[in-house]
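I have placed the structure first, in the form of structure tokens, so that the comments after it can refer back to it.
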Amino acid sequence: MSETSARLLRLLSLLQLPRDWAGPELAQRLGVSGRTVRADVQRLRDLGYPVVATRGNVGGYRLGAGANLPPLLLDDDEAVAVTVGLRTATGGAIAGIEEASLRALAKLEQVLPSRLRRRVSTLQTYTVPVPRDDTGPTVDTEVLMALAAVCRDRERLRFDYADNSGAATVRAVEPYRLVNWGRRWYLFAWDLDRDDWRTFRVDRMRPRIPTGPRFAPRELPDDVAAYVSSRVSAAAWRYRTRVTVHAPAEVVGMRISPAVGVVERIDEQTCVLDTGADTVETLGAYLGLLDADFDVTGPPELVAYLRRLTARYARSTPPTPDR
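Heads up: the sequence shown begins at 1 in full-length UniProt numbering, then just goes up one per residue.
Next up, the structure:
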């Protein structure tokens, strides 16, 4: 009986890999006959595991989705990764997920072997989290799941939305992606009324159910995350500037995060950096990190600050000795 149980666990571990397994291949891996493989597959089905059989030259066995969630097998690294992830999720930005994470964490840690429990405990003991700058908004789990579903099913969505000023509007969109940035979640969608791509804060959304008809997908920007981060940052900037940088766009692009600014190529040795920040001091720091010559024409507050900064740097260094 113990030999059969061990073989079933080994078979289940193989079937959990995202691929199809031919019967002869499984028999070779397990060191048994094809008949035994078929019998073991039936035993797993009797235990509630949805093992799907496919026919044909490339047919075989794979683990499908069932009505109930059967027990899963995790290797050592997977178990540690899930445990650490659950502990992190207990302080996350998704409302209601903390309690579920704690329940799942308690179940997992109860059955962790001592060697893995020690690895997780060591990581927790010697890790010091830095407190967040702010608590940040939380999003409702049901809203997040509903948005993911309409993105998957390509269904139009109408929702109530509160903008930065708190004004309430009703928006109609074709939803494409959810983007997670720190503690904030955003929906990236095509705004049907404005005929353009838009980004929406999920914590400010209230979806209207039922959803609309299905839509034909549009071509997405090359990098959705960069697109969203650049526009989310720009929306909050107090000061904006367009700076001519005397360096190749590829070089400047490697030194500037998409959240900081957008680089536009002029020629092989010149580009324009469209950037901004809440303070001119932060803008001055960004420009100093470019390590290249640049021309600034505005805003006046930034020009004045750079002049003061230039004089300060000049005073802080000794004069060049005469040769």
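Every residue, glycine too, gets a C-beta built ideally from N, C-alpha and C. Remember, predicted model here, so these are calculated numbers, not experimental data.
Please name the residue, chosen from Asp77, Ser101 and Ala79, that lies closest to Thr88 on a Cα-to-Cα basis.
-> As a working mapping, residue 88 is identified with position 88 in the sequence shown. Measuring from the Cα of Thr88, the nearest candidate turns out to be Ser101.
Distance, Cα to Cα, Gly212 vs Met205?
-> For this step, residue 212 is matched to residue 212 along the sequence shown. For this step, residue 205 is matched to residue 205 along the sequence shown. C-alpha separation (whole angstroms): 16 Å.
Would you say Glu219 and Leu192 are within 8 Å of each other, going by their C-beta atoms?
-> Here residue 219 is taken as the residue at index 219 of the sequence shown, counted from 1. Here residue 192 is taken as the residue at index 192 of the sequence shown, counted from 1. Contact: no.
Does DSSP put Val143 in a helix, in a strand, or in coil?
-> Against the sequence shown, residue 143 aligns to sequence position 143. The answer is helix: DSSP assigns Val143 an H, G or I state.
Alpha helix (DSSP H) containing Thr310: first to last residue?
-> Counting from 1 along the sequence shown, the entry for residue 310 is found at position 310. For Thr310, the enclosing alpha helix (DSSP H) stretches over residues Pro300 to Ser316.
Given a cut-off of 8 Å, decide if Cys271 and Val245 are closer than it, judged by their beta-carbon atoms.
-> Translated into the one-based positions of the sequence shown, residue 245 becomes position 245. Translated into the one-based positions of the sequence shown, residue 271 becomes position 271. Yes, they are a contact pair.
Counted within 10 angstroms of its Cβ, other Cβ atoms place Val41 as buried (16 or more) or exposed = For the purposes of this step, residue 41 is taken as the residue at position 41 of the sequence shown. Result: buried.
Val252 and Leu283 closer than 8 Å at C-beta | Stepping through the sequence shown from its first residue, residue 252 is reached at position 252. Stepping through the sequence shown from its first residue, residue 283 is reached at position 283. With respect to Leu283, Val252 sits apart: the two C-beta atoms are not nearer than 8 Å.
Kindly indicate which three-state DSSP category Asp153 falls into: helix, strand or coil?
-> For the purposes of this step, residue 153 is taken as residue 153 along the sequence shown, with counting starting at 1. Looking at Asp153 - three-state DSSP - the assignment turns out to be helix.
Three-state secondary structure (DSSP) of residue 335 = Nothing about residue 335 can be read from this structure; the chain reaches only from 1 to 323.
Selected residue, minimal CA-CA separation from Val82, among Gly64, Tyr61, Leu116 and Pro50 | On the sequence shown, position 82 is the one that residue 82 refers to. Comparing Cα-Cα distances from Val82 to each of Gly64, Tyr61, Leu116 and Pro50, the minimum goes to Leu116.
To which residues of the same chain is Thr310 closer than 6 Å at the C-beta, ignoring the five residues directly before and after it?
-> Against the sequence shown, residue 310 aligns to sequence position 310. Within the same chain, Thr310 has no close Cβ partners at all.
List the endpoints of the continuous beta strand (DSSP E) containing Arg36.
-> For the purposes of this step, residue 36 is taken as residue 36 along the sequence shown, with counting starting at 1. The sequence as given places Thr at residue 36; Arg does not occur at that position. Run containing Thr36: none in the beta strand (DSSP E); it sits in the alpha helix (DSSP H), Gly34 to Asp46.
Spell out the partners DSSP gives Gly276 in its beta bridges.
-> The sequence position of residue 276 within the sequence shown is 276, counting from 1. Looking at the DSSP assignment, Gly276 forms a beta bridge with Arg240.
Inter-stretch contact at 8 Å, needing at least 3 Cβ pairs: the region 262-271 / the region 287-294 = The region 262-271 vs the region 287-294: no contact.
Which of helix, strand or coil does DSSP assign to Met1?
-> Locating residue 1 in the sequence shown gives position 1, where the first residue counts as 1. Legend: pLDDT at Met1 = 49, less than 50; position of this residue unreliable, no value from coordinates given.
DSSP beta-bridge partners for Ala174?
-> In the sequence shown, counting from the first residue as 1, residue 174 sits at position 174. A quick correction: the sequence has Glu, not Ala, at residue 174. In the DSSP output, where bridge partners are listed per residue, Glu174 has Trp190.
Same chain, Cβ closer than 6 Å to Pro319, neighbours up to 5 away in sequence not counted = As a working note, residue 319 is residue 319 in the sequence shown. There are no such residues.
Coarse secondary structure for Arg218, derived from DSSP in three states | Along the sequence shown, read from residue 1 onward, the residue named residue 218 stands at position 218. Coil, per DSSP.
Buried or exposed: where does Ala304 fall if 16 or more other Cβ atoms within 10 Å of its Cβ makes it buried?
-> Within the sequence shown, numbered from 1, the residue matching residue 304 stands at position 304. Exposed is the label assigned to Ala304, since fewer than 16 other Cβ atoms lie within 10 Å of its Cβ.
For Leu9, does the three-state DSSP call read helix, strand or coil?
-> As a working note, residue 9 is residue 9 in the sequence shown. Helix.
Which of the three DSSP states, helix, strand or coil, is assigned to Tyr49?
-> Your numbering for residue 49 matches position 49 in the sequence shown. If DSSP states are grouped into helix, strand and coil, Tyr49 belongs with coil.
Residues near Ala249 in its chain [Cβ-Cβ closer than 6 Å; skip 5 each side] | As a working note, residue 249 is residue 249 in the sequence shown. If we look at Ala249 and ignore the five residues flanking it on each side, its Cβ neighbours are Val263, Arg265 and Cys271.
Between the Cα of Leu147 and the Cα atoms of Asp196, Phe200, Val170 and Ser114, which residue gives the shortest distance?
-> In the sequence shown, residue 147 corresponds to position 147, counting from 1. It is Phe200.
The alpha helix (DSSP H) enclosing Thr122, as first and last residue numbers | Within the sequence shown, residue 122 is the residue found at index 122, counting from 1. Ser114 to Thr125 is the extent of the alpha helix (DSSP H) around Thr122.
Would you give the residue range spanned by the beta strand (DSSP E) that Arg206 belongs to?
-> Your numbering for residue 206 matches position 206 in the sequence shown. In the DSSP annotation of this structure, the continuous segment of the beta strand (DSSP E) that includes Arg206 starts and ends at Met205 to Arg208.
Bridge partners of Thr270, per DSSP?
-> Here residue 270 refers to the residue found at position 270 when the sequence shown is read from its first residue. According to DSSP, Thr270 bridges with Asp267.
Rounded straight-line distance, which links the Cα of Asp223 to that of Ala149 = Reading the sequence shown from its first residue, position 149 is the one you call residue 149. Reading the sequence shown from its first residue, position 223 is the one you call residue 223. Their backbone Cα atoms lie some 21 Å apart in a straight line.
For Gly48, count neighbouring C-beta atoms within 10 Å of its own C-beta (all shown protein chains included) and say buried if the count is 16 or more, exposed if not.
-> Reading the sequence shown from its first residue, position 48 is the one you call residue 48. When all chains shown are included, Gly48 counts as exposed.
What do you reckon, are the CB atoms on Val52 and Gly64 nearer than 8 Å?
-> As a position in the sequence shown, residue 52 is number 52, starting the count at 1. As a position in the sequence shown, residue 64 is number 64, starting the count at 1. Yes, Cβ-Cβ distance for Val52 and Gly64 is below 8 Å.
For Gly60, three-class secondary structure by DSSP | In the sequence shown, residue 60 corresponds to position 60, counting from 1. Strand.
Throw me the rounded Cβ distance for the Arg214 and Glu155 pair, which I believe falls under 8 Å.
-> As a first step, residue 214 is located in the sequence shown; it is residue number 214 there, counting from the start. As a first step, residue 155 is located in the sequence shown; it is residue number 155 there, counting from the start. Their Cβ separation, rounded to whole angstroms, is 6 Å, which keeps Arg214 and Glu155 in contact under 8 Å.
Sub-8 Å separation of Gly23 and Gly34 beta-carbons = Along the sequence shown, read from residue 1 onward, the residue named residue 23 stands at position 23. Along the sequence shown, read from residue 1 onward, the residue named residue 34 stands at position 34. Taking 8 Å as the Cβ cut-off, Gly23 and Gly34 qualify as a contacting pair.
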